[in-house]
Amino acid sequence: MNLQVRNSSVRIAGLSKSLGGHPVLRDVHLDMEAGEFVVLIGASGSGKTTLLRLLGGLEQADAGRIEIDGACVDAPAEHRFVAPERRGLGMVFQEYALWPHLSCIENILAALPRGEPERKTRAAALLDSVGVGHLATKRPHQLSGGQQQRVGVARALAVRPRLLLLDEPLSSLDVEVRDQLRLEIRRVVREAGVAALFVSHDPDDAWRLADRVAVLEGGQLVQFDTPEVLYRRPATPGVARFTGAQGGFEGVLSGEGIVLAGVDVIAQHRQAGLNGHGALYVRPEGVRADGAGSGLPAERLHAVFEAGRYRAYWRVPGIERPLVSLEDAPPPAQAHLRIAPEQAFIFASTKTH
Ligand SMILES: Nc1ncnc2c1ncn2[C@@H]1O[C@H](COP(=O)(O)OP(=O)(O)OP(=O)(O)O)[C@@H](O)[C@H]1O
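Numbered according to UniProt numbering, the sequence shown spans residues 1 to 353.
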């Protein structure tokens, strides 16, 4: 059966929302392309759930505009607000939220539009598409968490949504089930051709699911890019950390880089408009110990074997925190650390000098 649904797109412009007198979202602009899978990340309290609730119609914006599939669903300036059930959305939550007294197939049938032809065939096909066709007659309590979430995804797609909203749907599952279900969600959402906004804390969700990743910091959208651009050009220290960087190591800016422990460290990317002091962020895979030669003089504090390599922790005179490197061979007690410019990023100093 063809599970294809309408193409969709989302336009969010100038969206602001305060809760309890505090601004939670500030002037958010975000356009999703038809069929695009966007993973929304951000620290706890950054406003992810609030953005999802605004899209879902569970909250009303203070300012700005939301369009789903070309239809304006929220625009306070125009006194426009479309109720949640009329927005054409599919929703999947962390807690599975299935009807406990209904079987899996009945849960799907309850979501299918009444006039839908061949309802039972479609409900069964939806369960099949997420790998739980054989559990159609079971009740939710007879299923594992991962199986229940599969039914949750099938039910969300049953309404032929214009947009699928997923709020940390994998976070209650153990790692193996999470990996498996992540792949299946991506496949089934692609097959349905529906746009999806997936809220997560987990970097693996961003790398493995997203066409683009949207990053919220303090209620503002600080970056909206492909995973590759996020990795190569993180827009903020927070994004650099999310992509695995350690930092910020404070130093004085030089012509092309930053001086740490008397050594000029070159970084390919430096935030525009900096002068005076800065802070270096670098991923462990961009730091290498070198027995001799140039680089930051370092003393090994500790090293552990990890997934075929050695993760080494170094003390560098003049740097407050240990610097971490990844090595192919057991690291020596003393070394010079070389930093790969493409793995290094310089942002504004967080200290007042
Ligand atoms: N009803 C409310 N009244 C007042 N403040 C609220 C309300 N709901 C949320 N907030 C505040 O708004 C901010 C953003 O909350 P939100 O739940 O959107 O963040 P989040 O990024 O989803 O966080 P988490 O990852 O922890 O779920 C938080 O500081 C939160 O305390």
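Glycine is no exception: its CB is placed at the ideal position from the N, C-alpha and C atoms.
This one's a predicted model, so the numbers in the text were calculated from it and none came from an experiment.
In the DSSP assignment, I66 falls within the unbroken beta strand (DSSP E) covering A63 to I68. Contact between T236 and Q223 holds: CB atoms are separated by about 7 Å, below the 8 Å threshold. Taking 8 Å as the cut-off, the Cβ atoms of V239 and G251 do not count as close. Per the Cβ contact rule, the stretch 200 to 219 is not in contact with the stretch 80 to 88 (fewer than 3 Cβ pairs under 8 Å). One thing to note: G295 has its Cβ no nearer than 8 Å to the Cβ of V324.
Within the same chain, Y313, W314, R315 and P322 come within 7 Å of L301 by CB-CB distance, once the 5 residues on both sides are set aside. Inter-segment contact for the stretch 37 to 57 and the stretch 209 to 224 is present: three or more beta-carbon pairs are separated by less than 8 Å.
The count of Cβ pairs closer than 8 Å, one atom from the stretch 133 to 147 and one from the stretch 102 to 119, reaches three, so the stretches are in contact. Distances between the C-beta of L19 and the heavy atoms of ligand 1 include at least one below 7 Å.
In the DSSP assignment, the residues bridged to I41 are V215.
Burial check for V287: the Cβ neighbour count within 10 Å reaches 16 or more, so the residue is buried. A residue is called buried when at least 16 other Cβ atoms come within 10 angstroms of its Cβ; R114 does not meet this threshold and is exposed. G293 sits exposed, since fewer than 16 C-beta atoms from the chains shown fall within 10 Å of its C-beta.
Beta-bridge partners of H79 (DSSP): none assigned. Assigned with DSSP and collapsed to three states, W207 falls in helix.
Three or more beta-carbon pairs separated by less than 8 Å are not found between the stretch 115 to 124 and the stretch 139 to 149, which leaves the two stretches without contact.
L30 is bridged by DSSP to I12.
As computed with DSSP, P297 is found in a beta bridge with H336. Close CB contacts of P23 within its chain, under the 8 Å cut and outside five residues either way in sequence, are with S16, K17 and G219 (chain order).
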